[in-house]
Amino acid sequence: MGHDKIVTSTAWSPGPGCHGGCGVKLFVQDDKVVRVEGDEQHPFSNGRACPRLLAMTQYMYHPDRITYPLKRVGERGTGKFERITWDEALDAIEEKLGRIRDEHGPEAVLFCQGTGRDIGGPISFLAYSYGSPNWVQLGLGGHSCYTPRLGAMMATQGDYAVLDAAQFSELRYDDPEYELPKVIVIWGQNPMPGCPDGFFGHWIVDCMKRGSKLIVIDPRWTWFASRAEQFLQIRPGTDGALALGLIHVIIKEHLYDKAFVEAWTEGFDELKARAAEYTPERVAEITWLPQDAIIAAARLYAGAKPAAIHWGVPIDMNPEGSTVAQAISHLWCLTGNLDVPGGNIIARPSHGVTTYPFSTQEMHELYGEEFVKRLNEKRIGANEYAMVRNFRGWAQPDLTVQQMLSGEPYPIKACWIQTSNILGGQAVDVRLHHEALKKMEFVVVADLFHNPTSMAVADIILPVASFAEKESFRSWWAPLQVIAPAVQVGECRSDWEINLELAKRFNPELKKRYETVKDLINDRMKVAGTSYDELKQAGGWVMPERGSASRPYRRYEKGLLRPDGKPGFRTPSGKVEFYSRSYAEWGLDPLPYFSEPPASEVRTPEQYEKYPLIMVTGRRSSVYFHSEHRMIPWLRECDPDPIVEIHPSVAKPLGIENGEWVCIENDQGRIKRKAVVTPIVHPKVVSVPHGWWLPEQAGQEPKLFGIWDVNCNVLTPTGTQSKSGYGGGAYKTTLVKVAKLREGRDRNG
Amino acid sequence: MGRKGLLIDYEYCTGCHTCEVACKQEHHYQPGQWGIKVNELVMETFHKVAVDYLPFPTDLCDLCVQRTAHGELPSCVKHCQAACMTYGEVSQLVQEMEKKAKTVLFAPK
Ligand code: SF4
Ligand code: SF4
Ligand code: SF4
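Line by line, the protein sequences give chains D and A.
In this text, residue positions in the first sequence follow my numbering: the first is 147, and each later residue adds one.
In this text, residue positions in the second sequence follow my numbering: the first is 3, and each later residue adds one.
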C-alpha cells in the first residue's frame, strides 16, 4: 500500500499497551496510519516489533474504539452512554471533583492506574495538582508490581539495577566497553511475550546467540527453560528461600567477590549468619528443588564473571516480596556484578529526565520535599507502613479498597481511572472491588475501549489517544526519546493533554508554567539540555553520554551516584547494605528471610487438602498486554481462548481432555477455562492466564463481558500484603481445585 | 537469479507470533488466513521438556515480492523478534545451514 509520509516515533503504551521503548515507523496515507513497522535505525529494537505493535492499525481504527467523550445516561451498568463535547465533559468533571474537594478534601478522590507504562507521569501530575495523595494501582494486591523490587534495591544499593544488554549504548553489543554476561539467570520471567520494565525481552535471545548460558527459575517449562543449562522448577512463592540458599552456598564455598564485598559493602557477617540458616537441605524441602540443583546453580552463577540476573513480577508477588527482592539483589552485589559490564547495571532515567516519578528523589525534584511530606499525612497506607511512607508516593491498594468500603478513617467519594481495567485486570477479589467501585459517587474513566470497569461504573468516559496520535517523551531507562504524532483519530486526546488541561483548572498556578503539553515536556527535558523539537530534529532519541550519571559503568568508583559527589552508593552508609539500615529504620527485618505463602501445603494443610493445586496466574501472552487486545482480530486468533494449563498427571485421573472446558474453584468462587493438558506446568501447579474478559459478550451488568466466568482474580484474595506494605499479592500462590464442568448447571451458567 | 527461500534457525524461534502478524499486516489477510503459521512442539524427553517452535510459510506466502523487489526484507524477516529468519537465495541459505545447529529451509512457490 502506498503512503504520503513516514513518521518515526517511539512505542509506548496505548497501542501495543506496553512499557515501551521500540523505535517505530508509522506509514501515513490520507491522515490515516496504514502500516506500522519497526525502525531499523533504532538501537532499542533494531527494526524488530511485537505482534501488538504490528496490529496497531486494527487497534487504532477498531469500530469499538471510543473516539469522543461520553456521559452515562442510564443507570450504572446498563451501558447507556451519550456523546458529549470535550468542554461539557471537562466542565462536568471540574464541577463534580471541585465540589468533592470542597466538601470532603482532595484525598476523597483516588487516581487509579494499572501497571506503570506511560501513565504514571500524567496521572500523578493530575492527582497532585488536584491535591490528592491517593495515587494508586487500585486492585493490585500487595502492590506487587515492581515497586517492591525497586524499594528493596533503593534501600540496599541506593539505585535500581537491570541486566546489561548494552541497552545504554548506541553501539549496543559492539560497544568496546561492553561484555556479554557469561551466565544469565532468568528468575520468574518469560522474556518472549513482551518487554517488561523497559527491557526488550528478546535482548536475552541476542545474548544467548552470542554465548550467554541460562539458569531459569520458574514453575513452568518456558521456551527459555528448555534451552537452559539449569532449570529450577520452583514451588511458587518460595523464591526467597532459594535466594537465601544460593547466598548460603556462595558464601560457604567462598564464591563471592571478596574485593568488592570488602570495599563497597557492609553487613556481610550478618548476612552470612542469616544465610547459614538456609542450608541446601532446608531450601530443597521448601522449594521442591533437588539440593544438587541449588548447589549447582549457585556455582554456575557465582563462578561466571560477569553474570546477570533478569527477574520478573513474581518476585513482588512472593510473600514478603520486598524481602525476596532484597535477597535476590544481594546476589549480584555479593558476586561483584553490580554496575560492571555484563552484570546488573544501575539504571537511571536517561539524562536525569523524569517522565514518571520512579523514586522519592524524583518526586522531590518535581514537586518539592515539603509537598511530598504533606501528601503523607493522608496517603492511604503511609501511616501503617513506614516503607510505603518513605518510598515513592503510592497509596497501598489493599488498604484502599477497604477504605472505599468502610469510609474509615475518611470517606472515598470518587475515582479517576485512567487506562486501567480494574475489574477485568489487576484487581484481586474482583467482587470486592466491584462492590467498592459501585459505592463511588462519581467515576471518570479515560480509556480507548469499553471494558468491564467502564461498563460497571463509569459516569464520564474520555477518549484517549494511542501513542501514534500524540506528542510525548520517554526516559525509561534509555534512550531519551520523543513520541511524535502521526495522525488524529476522532476527538481522542493524549493522557498528558487531558491531564494538563484539568490540572490547570484545579491548580491555576500551572497556567503560568505550561500553556501546552510541549511546554511541560520541554520543562522536564531541560536537565538534558535539549527540547522536544530539538531532539525530534536530531532523530528522536539520544543515549546518555559516557561518563554521565545515567550511563554505566562502575559509577560508584567515580562518584557519580551520590548527591555529595563522593564515591559509593546512594544509601545511608554509602555502601551496599546487606544489613539494611533503611529497613531497620522502617521497623522491618534488616536482613532477608523466607516466609511461607499465606495458603499452602505447609501453612494451611486443611485448605490444601480441599484445594490441592497452586494457581499461578499472569503468564504473559505475546499478543496481549494484560487485559488488552482481546478485540483485535489478528491478535485474538493467535491466542483465542481463556485457558488453564494442567499437567497430564493431574488431568488424567480427573478425566479432563485437552481442549475441554473445565471449572476452577475455591471458597471464593469458580470460573471456567479451556484445558490445555501439557507437561510444561509442574504437576502441583495450574497456570491460569490473567486479564481475560470477553469483548464479544454482553457488557452490561451483570455479565460485564464475562468476567465472572473467566477472570482468574475472582479466585485471588485481597489483604495478603507484606509487612512492608509492598509485595505479597497472592497472584501466584492461591489454592484451587479443577474439575470437569457439571452438565446443565455449569454449561449454561 | 536463483530461487528464493526462508531459512529458519529454530534453535532461537521463541514462538512470539510476530511473523504471523507481520505477514497479515503486509498482505491485509483476514482472520483465518495465514501467510505463515507458527507451530509448537512440546514433548517430554529423557530429562526435560523440549519446547520448540517453527513457523511454516503457507500457500499464501509470496515471499513478499512487493517488498523484496525494491530491496526491502520480507516483513516477517524484518520484524522477527529473535532475528532467526533469513531471506535469500536458496543456494546461499544452504551454506548458512551448514553453520547452524537447528535449521529448516523453506522455498515457497
Ligand atoms: S512490547 Fe516491546 S516490541 Fe512491543 S511495542 Fe512495546 S517495546 Fe516494542
Ligand atoms: S515472506 Fe512475506 S508473505 Fe511470506 S510469510 Fe513472510 S511476511 Fe508472509
Ligand atoms: S517472529 Fe521469529 S521468533 Fe517469532 S515466531 Fe516468528 S520466527 Fe519465531
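Ideal Cβ positions, reconstructed from N, Cα and C, are used throughout, including at glycine.
So residue i contacts chain D; which residues on that side make the cut at Cβ distance below 8 Å?
| i | result |
| --- | --- |
| A:H81 | E183, G184, G193, R194, A195, L200 |
| A:E46 | P825 |
| A:Q27 | R181, V182, L200, A201, T203, W780 |
| A:V67 | Going along chain D, no residue has its Cβ under 8 Å from A:V67, so there is no contact; the nearest lies around 15 Å. |
What are the boundary residues of the beta strand (DSSP E) that residue i is part of?
| i | result |
| --- | --- |
| D:C561 | 560-564 |
| D:P609 | 606-609 |
| D:F588 | 588-593 |
Give the residues of chain A in contact with residue i, contact being defined as C-beta atoms less than 9 Å apart.
| i | result |
| --- | --- |
| D:W839 | Result: empty, since nearest Cβ-Cβ is about 20 Å, beyond 9 Å. |
| D:M338 | T16, G17, C18, Q83, A84 |
| D:W369 | C15, T16, G17, V53, D54, Y55 |
| D:V351 | Y14, T16, Q83, A84, A85, C86 |
Going by DSSP, what residues sit across from residue i in a beta bridge?
| i | result |
| --- | --- |
| D:C809 | D:K818, D:A885 |
| A:K6 | A:E91 |
| D:N490 | D:L309, D:L484 |
| D:S270 | Per DSSP, none; premise fails for D:S270. |
| A:M45 | A:A52 |
| D:M761 | D:V832, D:T880 |
| D:K359 | D:V329 |
| D:Q379 | None, per the DSSP bridge assignment. |
Can you name, in chain order, every residue of its own chain whose Cβ lies under 6 Å from the Cβ of residue i, other than the five neighbours on each side?
| i | result |
| --- | --- |
| D:C858 | T763, V834, H836 |
| D:E742 | V748, R749 |
| D:G815 | V860, L861 |
Would you mind reading off the limits of the alpha helix (DSSP H) that contains residue i?
| i | result |
| --- | --- |
| D:A442 | 437-449 |
| D:Y306 | Where D:Y306 is concerned, there is no enclosing alpha helix (DSSP H), although the beta strand (DSSP E) it sits in stretches over 306-309. |
| A:Q94 | 92-101 |
| D:Q303 | 293-303 |
| D:S728 | 727-731 |
| A:V23 | 20-29 |
For residue i, return the contacting residues in chain D, with the cut-off set at a CB-CB distance below 9 Å.
| i | result |
| --- | --- |
| A:V33 | The amino acid at residue 33 of chain A is misidentified as Val; the sequence shows Pro. Near A:P33 (Cβ distances below 9 Å), the residues of chain D are P779, W780, R782, E783. |
Say the cut is 8 Å; is the CB of residue i nearer than that to a heavy atom of ligand 2?
| i | result |
| --- | --- |
| A:G17 | no |
| D:C638 | no |
| A:Y12 | no |
| A:Y55 | no |
| A:H30 | no |
| D:L200 | no |
| D:I380 | no |
Could you work out which residues of chain A lie near residue i, taking near to mean beta carbons separated by less than 7 Å?
| i | result |
| --- | --- |
| D:K355 | Y14 |
| D:H394 | Ordered by position in chain A, no residue passes the 7 Å Cβ test against D:H394, which lies about 26 Å from the chain. |
May I ask whether a heavy atom of ligand 3 can be found less than 8 Å away from the beta carbon of residue i?
| i | result |
| --- | --- |
| A:H81 | yes |
| A:E22 | yes |
| D:A632 | no |
| D:A573 | no |
| A:A84 | yes |
| A:M87 | yes |
| A:I38 | yes |
Among residues of its own chain, excluding the 5 on either side of residue i, which ones have a beta-carbon nearer than 8 Å to its beta-carbon?
| i | result |
| --- | --- |
| A:M99 | L9, T105, L107 |
| A:V96 | L107 |
| D:T546 | L256, N280, V282, L284, I526, G527, I558 |
Run through chain C and tell me which residues come within less than 7 Å of residue i, C-beta to C-beta.
| i | result |
| --- | --- |
| D:H828 | Absent here is chain C; the protein component of the structure consists of chains D and A. |
Any heavy atom of ligand 1 inside 8 Å of the beta-carbon of residue i?
| i | result |
| --- | --- |
| D:S496 | no |
| A:P76 | no |
| D:S505 | no |
| D:F113 | The structure shown does not extend to residue 113 of chain D, since chain D spans only 147 to 895, so no value can be given for it. |
| D:C353 | no |
| D:G871 | no |
| D:P162 | yes |
| D:H289 | no |
| D:A157 | yes |
| D:H772 | no |
Identify, in the order they occur along the chain, each residue of the same chain with its Cβ nearer than 7 Å to the Cβ of residue i, setting aside the five sequence neighbours on each side.
| i | result |
| --- | --- |
| D:G895 | At D:G895, the pLDDT of 41 sits below 50, so the modelled position is not reliable and the matter cannot be decided from this model. |
| A:P110 | P59, C63, L65 |
| D:G733 | A532 |
| D:Q753 | A745, L881 |
Below 8 Å on C-beta distance, what does residue i contact in chain A?
| i | result |
| --- | --- |
| D:V769 | H19, V23 |
| D:S372 | K50, V51, A52, V53, D54 |
| D:V153 | Result: empty, since nearest Cβ-Cβ is about 17 Å, beyond 8 Å. |
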